[in-house]
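Trainee: Sharing a structure, written as structure tokens. Questions coming.
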Amino acid sequence: MTPDLTPETSINSDAREPGINNSRRLTLLISTSDIFFDVWHPFFHFMFKYWPGLDFPIRLVTNHFQTDAGPIRHLAIGDDRGWAHSLTASLQQIDSEFVFYSMEDIFITRPVDAKQFEEDVRFCEENRADYLAYRTSPENEEGFQPVTERIGLIGRDSNHRAKADPAIWRRSTLLQLIEPNESPWHFLKYASERCRDMAFYRCRSEASATIGYLGGSAIRRGLWRQEGLKMLRDENIKIKAPYRGTHTKLNGVLPTLKRSITKFAYDRNIRKDPNRLIPLNALVTQSLGRNKLGATCELDLPGL
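Structure follows, in structure tokens:
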């Protein structure tokens with residue numbers, strides 16, 4: 141059945157072009173690379189399903205792939221030279237004071253209160269915050285200082301100050317903290333040492349966090365986690381001709397082989413058409429429409 145793509149199901153109408161003031165205040169920056177292009181559609185499906193009032197510009201970091209017209213716009217930074225290089229290059233092309241940072245495999249799991257997110261941005265502006273995390277730690281963490289009913293100041297000596305999870309960052313602060321050739325896992329482990337004297341905040345509890353998302357991400361070491369696949373099944377989203385394998389908790393030859401096969405398949409796929417257009421805005425509009433009708437949506441990306 142062809143979905144009724146009314147304005148209610150179109151992301152082009154739900155997410156209007158942000159005003160110039162919002163464009164200067166904050167940008168949603170989605171960190172990724174072309175090898176994960178099959179994950180982009182599910183990511184944005186959940187984002188627009190749960191965040192229909194989104195009123196800030198969206199930039200998807202790509203290498204060479206491009207997106208169709210709509211609120212999701214690509215930010216091509218060239219050949220993949222690692223997480224740190226890609227993030228630095230993309231941040232240098234953005235002029236907003238803050239960015240909402242997320243990776244492409246961290247799916248939103250519950251409705252986002254757009255007004256509350258606006259309050260979070262205003263909090264960062266008024267308190268000269270460098271960082272506001274949506275990942276919460278125990279409230280009794282040593283050094284943590286409640287500031288509002290929902291937000292608190294992270295202790296100076298906390299080992300959980302900087303994360304690569306969804307968060308609002310002062311753009312200049314994130315640029316300052318990234319080290320060359322760093323991976324997100326290296327950043328997670330060592331970045332807290334670099335920001336002891338910066339204004340780092342987090343939400344006080346998971347219930348008070350504006351953004352709820354899949355813990356541990358939908359992808360692990362390049363392979364689908366069962367938790368991510370379950371979210372797709374629950375939405376009647378079917379992956380067509382999947383190259384990406386499924387992660388298991390086993391160690392040894394099999395998981396390594398799965399990752400190698402996945403990388404080889406995607407590298408070969410990308411080489412066939414390295415500058416392709418991904419109709420991402422149209423695909424997300426279609427899957428949201430089918431979801432409202434209870435119909436199955438098959439991910440049919442160019443090249444897959």
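Residues 141 to 444 (our numbering) are what the sequence shown spells out, left to right. Glycine is no exception: its CB is placed at the ideal position from the N, C-alpha and C atoms.
1. Go ahead and pull the three-state DSSP assignment for T146.
2. Considering only the beta carbon of each residue, do V252 and L169 sit closer than 8 Å?
3. Can you give the Cα-Cα distance for F284 and R199, rounded to whole angstroms?
4. Would you mind sorting E148 into buried or exposed? The rule is 16 or more other CB atoms within 10 Å of its CB.
5. Give the C-beta separation of Y271 and T313 to the nearest angstrom, bearing in mind that I take them to be a contact with Cβ-Cβ under 8 Å.
6. When the distance is taken between beta carbons, is S348 closer than 8 Å to A302?
7. Leaving out five residues on either side along the sequence, give the residues of the same chain with a beta carbon under 6 Å from the beta carbon of R156.
8. In the DSSP assignment, what residue or residues form a beta bridge with I308?
9. With distances taken from CA atoms, which of S173, M243, H214, E259 is nearest Q82?
10. Does DSSP put E259 in a helix, a strand or coil?
11. Sorted by chain position, which residues of the same chain lie with C-beta nearer than 6 Å to M187's C-beta, five sequence neighbours on each side aside?
12. Taking all protein chains shown into account, decide if Y353 is buried (16 or more other Cβ within 10 angstroms of its Cβ) or exposed.
13. Under 8 Å: do the stretch 190-197 and the stretch 405-414 share three or more Cβ pairs, one atom per stretch?
14. Of the choices E281, F177, R290, whose alpha-carbon is the least far from that of Q256?
15. Per DSSP, which one or two residues make a beta bridge with V122?
16. Quick check: what's the CA-CA separation for D297 versus D413?
17. If we define contact as Cβ-Cβ less than 8 Å, is N415 a contact residue for chain D?
18. With 16 as the cutoff for other CB atoms within 10 Å, does R311 come out buried or exposed?
19. For V287, which of helix, strand or coil comes out of DSSP?
20. Going by alpha carbons, who is nearest to T386 out of R399, D374, V393, I377?
21. So, using beta-carbon positions, are T172 and M243 closer together than 8 Å?
22. Going by alpha carbons, who is nearest to V201 out of N321, K378, G218, A254?
23. So I401 is in the alpha helix (DSSP H); what residue range does that whole segment cover?
24. Classify K329: buried if its beta carbon has 16 or more other beta carbons within 10 angstroms, exposed otherwise.
25. Could you check the C-alpha separation between A339 and I401 for me, to the nearest Å?
26. Spatial neighbours of W309 within its chain, please: C-beta separation below 6 Å, excluding the five flanking residues on both sides.
27. Under the rule that 16 or more other beta-carbon atoms within 10 Å means buried, what is V393, buried or exposed?
28. Return the first residue and the last residue of the alpha helix (DSSP H) that T202 is part of.
29. Suppose you measure from the CA of T142 to the CA of K189; what does that come to, to the nearest Å?
30. If you draw a straight line from the C-alpha of Q366 to the C-alpha of R221, how long is it?
31. Ordered along the chain, which non-local residues of its own chain (more than five positions away) have a Cβ less than 8 Å from that of S236?
32. Please go through the stretch 304-376 and give each complete beta strand (DSSP E) segment of 3 or more residues, from N-terminal end onward.
Mentor: In brief:
1. Counted from its first residue, the sequence shown places residue 146 at position 6. Reliability of the predicted coordinates at T146 is poor, the pLDDT of 38 falling under 50, and the value obtained from them is presented with this limitation in mind. Looking at T146 - three-state DSSP - the assignment turns out to be coil, as it is neither helix nor strand.
2. Translated into positions along the sequence shown, residue 252 becomes position 112. Translated into positions along the sequence shown, residue 169 becomes position 29. No, these two residues do not count as a Cβ contact at 8 Å.
3. By 1-based counting over the sequence shown, the position of residue 284 is 144. By 1-based counting over the sequence shown, the position of residue 199 is 59. Straight-line Cα distance between these residues: approximately 33 Å.
4. As a position in the sequence shown, residue 148 is number 8, starting the count at 1. Confidence at E148 is low in this model, with a pLDDT of 42, below 50, so its placement is unreliable and the value that follows should be read with caution. Around the beta-carbon of E148, fewer than 16 other beta-carbon atoms lie within 10 Å, marking it exposed.
5. Translated into the one-based positions of the sequence shown, residue 271 becomes position 131. Translated into the one-based positions of the sequence shown, residue 313 becomes position 173. Indeed they touch by this definition, with Cβ atoms about 7 Å apart.
6. Locating residue 302 in the sequence shown gives position 162, where the first residue counts as 1. Locating residue 348 in the sequence shown gives position 208, where the first residue counts as 1. Contact flag unset, no.
7. Taking the sequence shown and counting its residues from 1, the one referred to as residue 156 is at position 16. Confidence is the limiting factor: at R156 the pLDDT is only 47, short of 50, which leaves the residue's position unreliable, though a coordinate-based value still follows. Same-chain partners within the cutoff: there are none.
8. In the sequence shown, counting from the first residue as 1, residue 308 sits at position 168. F240, L272, per the DSSP bridge assignment.
9. No answer is possible for residue 82: it lies beyond the span of the chain, which begins at 141 and ends at 444.
10. Numbered from 1 along the sequence shown, position 119 holds the residue referred to as residue 259. Reduced to three states, the DSSP call for E259 is helix.
11. Position 47 of the sequence shown holds residue 187. In its chain, beyond the 5 residues on either side, I248 have a beta carbon closer than 6 Å to the beta carbon of M187.
12. Within the sequence shown, numbered from 1, the residue matching residue 353 stands at position 213. Its Cβ being crowded by 16 or more others within 10 Å, Y353 is buried.
13. no
14. One-based indexing of the sequence shown puts residue 256 at position 116. For the residues E281, F177, R290, the minimum Cα distance to Q256 belongs to R290.
15. Not covered by the structure: residue 122. The range shown for the chain is 141 to 444.
16. Within the sequence shown, residue 297 is the residue found at index 157, counting from 1. Within the sequence shown, residue 413 is the residue found at index 273, counting from 1. Between D297 and D413, the C-alpha separation is close to 48 Å.
17. Absent here is chain D; the protein component of the structure consists of one chain.
18. For the purposes of this step, residue 311 is taken as the residue at position 171 of the sequence shown. Its Cβ being crowded by 16 or more others within 10 Å, R311 is buried.
19. Along the sequence shown, read from residue 1 onward, the residue named residue 287 stands at position 147. Of the three classes helix, strand and coil, the one that applies to V287 here is coil, per DSSP.
20. The residue given as residue 386 occupies position 246 in the sequence shown. The shortest C-alpha separation from T386 is found at R399.
21. Position 32 of the sequence shown holds residue 172. Position 103 of the sequence shown holds residue 243. Taking 8 Å as the Cβ cut-off, T172 and M243 qualify as a contacting pair.
22. Here residue 201 refers to the residue found at position 61 of the sequence shown. Residue G218 is the option with its Cα nearest to V201.
23. Position 261 of the sequence shown, counted from the start, is the residue given in the question as residue 401. Run containing I401: 393-412, per the alpha helix (DSSP H) assignment.
24. If you number the sequence shown from 1, residue 329 lands on position 189. It counts as exposed.
25. As a first step, residue 339 must be located in the sequence shown, where it is residue number 199. As a first step, residue 401 must be located in the sequence shown, where it is residue number 261. In a straight line, the C-alpha of A339 is about 43 Å away from that of I401.
26. Within the sequence shown, the letter at position 169 stands for residue 309. Non-local beta-carbon contacts of W309 in its own chain, meaning distances under 6 Å to residues more than five positions away in sequence, involve V239, Y241, Y271 in chain order.
27. Mapped onto the sequence shown, residue 393 falls at position 253. So V393 counts as exposed.
28. Taking the sequence shown and counting its residues from 1, the one referred to as residue 202 is at position 62. Taken as a continuous stretch (DSSP letters only), T202 belongs to no alpha helix (DSSP H), being part of the beta strand (DSSP E) at 198-202.
29. For this step, residue 142 is matched to residue 2 along the sequence shown. For this step, residue 189 is matched to residue 49 along the sequence shown. No answer about T142 holds up, because its pLDDT of 34 lies below 50 and its placement is not dependable.
30. Walking along the sequence shown from the start, residue 366 turns up at place 226. Walking along the sequence shown from the start, residue 221 turns up at place 81. Each residue's alpha carbon lies about 29 Å from the other.
31. Here residue 236 corresponds to residue number 96 of the sequence shown, with the count starting at 1. Excluding residues within five positions, the ones whose Cβ falls inside 8 Å are S163, R164, R165, L166, T167, P197, R311.
32. 307-310, 340-343
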